[in-house]
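**Student:**
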Amino acid sequence: MQPAHSDALREHLVELLEGGHAHASFEQAVRGFPAGRAGERPKGAPHSAWELLEHIRIAQNDILRFSQSGEYKSPDWPEGYWPSSPAPEREEQWHASITAFQNDLAEFLRMVNDPKADLYRPFPWGDGQTLLREALLIADHNSYHVGQLVLVRRLLGAWQE
Numbered sequence: 015m016q017p018a019h020s021d022a023l024r025e026h027l028v029e030l031l032e033g034g035h036a037h038a039s040f041e042q043a044v045r046g047f048p049a050g051r052a053g054e055r056p057k058g059a060p061h062s063a064w065e066l067l068e069h070i071r072i073a074q075n076d077i078l079r080f081s082q083s084g085e086y087k088s089p090d091w092p093e094g095y096w097p098s099s100p101a102p103e104r105e106e107q108w109h110a111s112i113t114a115f116q117n118d119l120a121e122f123l124r125m126v127n128d129p130k131a132d133l134y135r136p137f138p139w140g141d142g143q144t145l146l147r148e149a150l151l152i153a154d155h156n157s158y159h160v161g162q163l164v165l166v167r168r169l170l171g172a173w174q175e
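Next up, the structure:
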């Protein structure tokens with residue numbers, strides 16, 4: 015049985031995962047980004063916008079799939095969590111990565127919003143991870159790298175507030 019405050023917690027998790035309260039949201043960070051500049055690493059920056067976008071997408075997908083099944087196998091760390099190139103091969107990849115990120119987030123949000131999903135029950139296949147913990151992990155990880163993406167945009171002169 016879920017605690018009585020579970021609905022409120024789910025609402026707060028959704029707000030946290032969608033972002034935008036204390037910082038820019040994912041949508042704000044990618045909206046209008048010049049995809050042709052996605053592979054540029056600004057001076058002093060360790061990553062391009064493409065590298066950050068793909069890293070966020072891959073990590074979020076990893077957490078989603080882990081949360082769904084004990085049969086899932088995570089990519090090798092760290093190489094499996096970053097693209098092999100600082101730039102997409104084609105501009106369409108930039109847009110496809112954004113769409114994949116959004117679709118995975120929507121799928122995770124459906125899990126969080128499912129009243130039958132126990133936010134507190136450890137996954138049988140994990141080491142104590144729960145849906146609540148994985149939701150917080152996605153929110154934390156995404157907000158960190160969305161901030162980096164905004165910084166890259168600013169350094170490229172491609173950020174309009």
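Per this note's numbering, residue 15 is the first one in the sequence shown, and the count goes up by one each step. Backbone N, C-alpha and C fix where the C-beta goes; we use that ideal spot for every residue, glycine too.
(1) Among the residues of its own chain, which have a CB less than 7 Å from the CB of Ala73, if the five just before and after it don't count?
(2) I need the straight-line Cα distance from Thr144 to Leu31, nearest angstrom please.
(3) Tell me the rounded alpha-carbon separation between His35 and Pro92.
(4) Relative to the alpha-carbon of Asp90, which residue among His69, Val166, Glu106 and Glu105 has its alpha-carbon at the smallest distance?
(5) Return the chain-ordered list of same chain residues with a C-beta closer than 7 Å to the C-beta of Ser181, the five sequence neighbours on each side being excluded.
(6) When the Cα of Leu169 is compared with those of Ala131, Pro102, Phe115 and Phe47, which residue comes out closest?
(7) Does DSSP classify Ser83 as helix, strand or coil?
(8) Can at least three beta-carbon pairs, one atom from the region 43 to 59 and one from the region 125 to 141, be found at a separation below 8 Å?
(9) Should Glu29 go down as buried or exposed, given a rule of 16 or more other Cβ atoms within 10 Å for buried?
(10) Restricting to Cα atoms, I'd like to know which of His61, Ala49 and Leu23 is closest to Ala172.
(11) If the criterion is Cβ atoms closer than 7 Å, does the pair Gln162 and Leu23 meet it?
(12) State the DSSP-derived secondary structure class of Ser111, mapped to helix, strand or coil.
(13) Which residue comes first and which comes last in the alpha helix (DSSP H) that contains Tyr158?
**Tutor:** A quick look at the data gives this:
(1) Cβ neighbours of Ala73 beyond the five flanking positions: Tyr95 and His155.
(2) Approximately 16 Å between the Cα atoms of the pair.
(3) Cα-Cα distance, rounded: 30 Å.
(4) Measuring from the Cα of Asp90, the nearest candidate turns out to be His69.
(5) No statement about residue 181 is possible, as the shown extent of the chain runs from 15 to 175 and does not include it.
(6) Nearest to Leu169 by C-alpha distance, out of Ala131, Pro102, Phe115 and Phe47, is Phe47.
(7) Note: Ser83 maps to coil in three-state DSSP.
(8) Too few Cβ pairs lie closer than 8 Å, so no.
(9) Counting Cβ neighbours within 10 Å, Glu29 comes out exposed, since fewer than 16 surround it.
(10) Ranking the options by Cα distance to Ala172, first place goes to Ala49.
(11) No, the pair does not count as a contact, with Cβ atoms beyond the cut-off.
(12) Residue state, collapsed to three classes: helix.
(13) Tyr158 -> alpha helix (DSSP H) spans Leu145 to Leu170.
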